[in-house]
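Q: For the sequence shown, our numbering puts the final residue at 444, and the numbers step up evenly by one.
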Amino acid sequence: MTASIIDGKAFAANLKEQIAKKVKFLKENHNLIPGLAVVLVGEDPASQVYVRNKNKSTKAAGMNSYEHLMDDDVTEAELIAKVTELNNDPAVHGILVQLPLPKHINEAAVIETIIPEKDVDGFHVINSGLLATGGNGMVPCTPLGCIMMLKDKLGNLSGLDAVVVGRSNIVGKPMAQLLLKESCTVTIAHSRTKNLAEVVGRSDIVVAAVGVPELVKGSWIKPGATVIDVGINRITKEDGKTKLVGDVEFAVAVERAGAITPVPGGVGPMTIAVLLQNTVTAACRQMGIDEPA
Ligand code: NDP
């Protein structure tokens, strides 16, 4: 069997189109322009690229984008003051502090300063708690994008066996919560898991979020399973050039799976699209407006 490829790029493009329509509706009917503020500390090249892309996509959707660039040597107190200022700014409906932050700053302290209603990354402990208890908070973008693609591909996920490889707060754990919410039987695997091959091999859904190139072997995949590869790893090929690979051994997995996301072009493009969606949701909730369908 050769898997069907889940085209995250096309899915994200479609989602962005729908978001742009919602933004237009909100502007015309409620005089509301959702606004996203992104705070970037320092000059990490990868973070600069992410922030630039977020800014571009936010504007393309018709929303307001506010970039706040701060020097590497900013103090924690100064950063917290900036976040507090954004909390109090009515034009800002979503706040994202680009991670990682420099070592001298306590990331958790900064994230916990963002008011949960504006926490469009869904990393605030109140939002993690709401997700874990079935509440209606902001959900982290990458896992939310994964569940959207899974539901689009499979429809009802109820009763399916799912494994999430990785237990980070930003991907693995919220992913597991979302699968549980869809009534999957969920296993969370991590670096201490015994016999990962066997755990993966009995799963109808495999979500890999590890950060180790091709850790999940293609031969482990249950025939017909749906594979979502969150990993983004840059490796050097024999000819010295570099390329991006996921956490799943794609070339073999594609021959066994029923459906699979590629890297690049799978989960990656969905993350920014969902960030925009979360900003629209946050803006509507803050203004007490029903979100347009
Ligand atoms: P973390 O490093 O925070 O977490 C990695 C997880 O993988 C940990 O829970 C760790 O287990 C587990 N792990 C490590 N080695 C093994 C192993 N040999 N077997 C089983 N589990 C293992 O990573 P993130 O969750 O932040 O990111 C994961 C990947 O997803 C990365 O490649 C990252 O670049 C990518 N990513 C992609 C995004 C996108 O938009 N597409 C967004 C966010 C991340 P333990 O807890 O025991 O140490």
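Idealized CB from N, CA, C, for every residue including glycine.
#1: What's the gap between the Cα of Pro185 and the Cα of Met421?
#2: At a threshold of 7 Å, does Ile383 count as lining the ligand NDP (C-beta to nearest heavy atom)?
#3: Taking the alpha-carbon positions, what's the Arg385 to Thr393 distance?
#4: Since I believe Val399 is in contact with Glu365 (beta carbons under 8 Å), could you give me their beta-carbon distance rounded to a whole number of angstroms?
#5: Just to confirm my understanding: we take Ala433, look at its own chain, exclude 5 residues before and 5 after, and list those with CB closer than 7 Å. What are they?
#6: Under 7 Å from any heavy atom of the ligand NDP, does the C-beta of Asp398 make it?
#7: Which two residues bound the contiguous alpha helix (DSSP H) that contains Asp303?
#8: Rounded to whole angstroms, what's the CA-CA distance from Thr344 to Leu281? Just pull it up for me.
#9: Looking at the strands, I want to know which residues DSSP matches up with His219.
#10: Look up Arg385 in the DSSP assignment and say whether it is helix, strand or coil.
#11: Tell me the DSSP secondary structure of Ala340 in three-state form.
#12: Just curious, the alpha helix (DSSP H) that Thr430 is in, first and last residue?
#13: Starting from Leu331, trace the alpha helix (DSSP H) in both directions and tell me its first and last residue.
#14: Tell me where the alpha helix (DSSP H) around Ala161 begins and ends.
#15: Measuring only from the beta carbon, is Ser319 closer than 7 Å to any heavy atom that is part of the ligand NDP?
A: In this structure, then:
#1: Roughly 19 Å separates the two Cα atoms.
#2: yes
#3: 6 Å
#4: 7 Å
#5: His244, Gly245, Glu268, Lys269, Val271, Met289
#6: It does: the Cβ of Asp398 is within 7 Å (strictly closer) of some heavy atom of the ligand NDP.
#7: 292-305
#8: 27 Å
#9: Val190
#10: DSSP places Arg385 in strand when its eight states are reduced to three.
#11: strand
#12: 418-438
#13: 323-332
#14: First-last of the alpha helix (DSSP H) with Ala161: 159-181.
#15: yes
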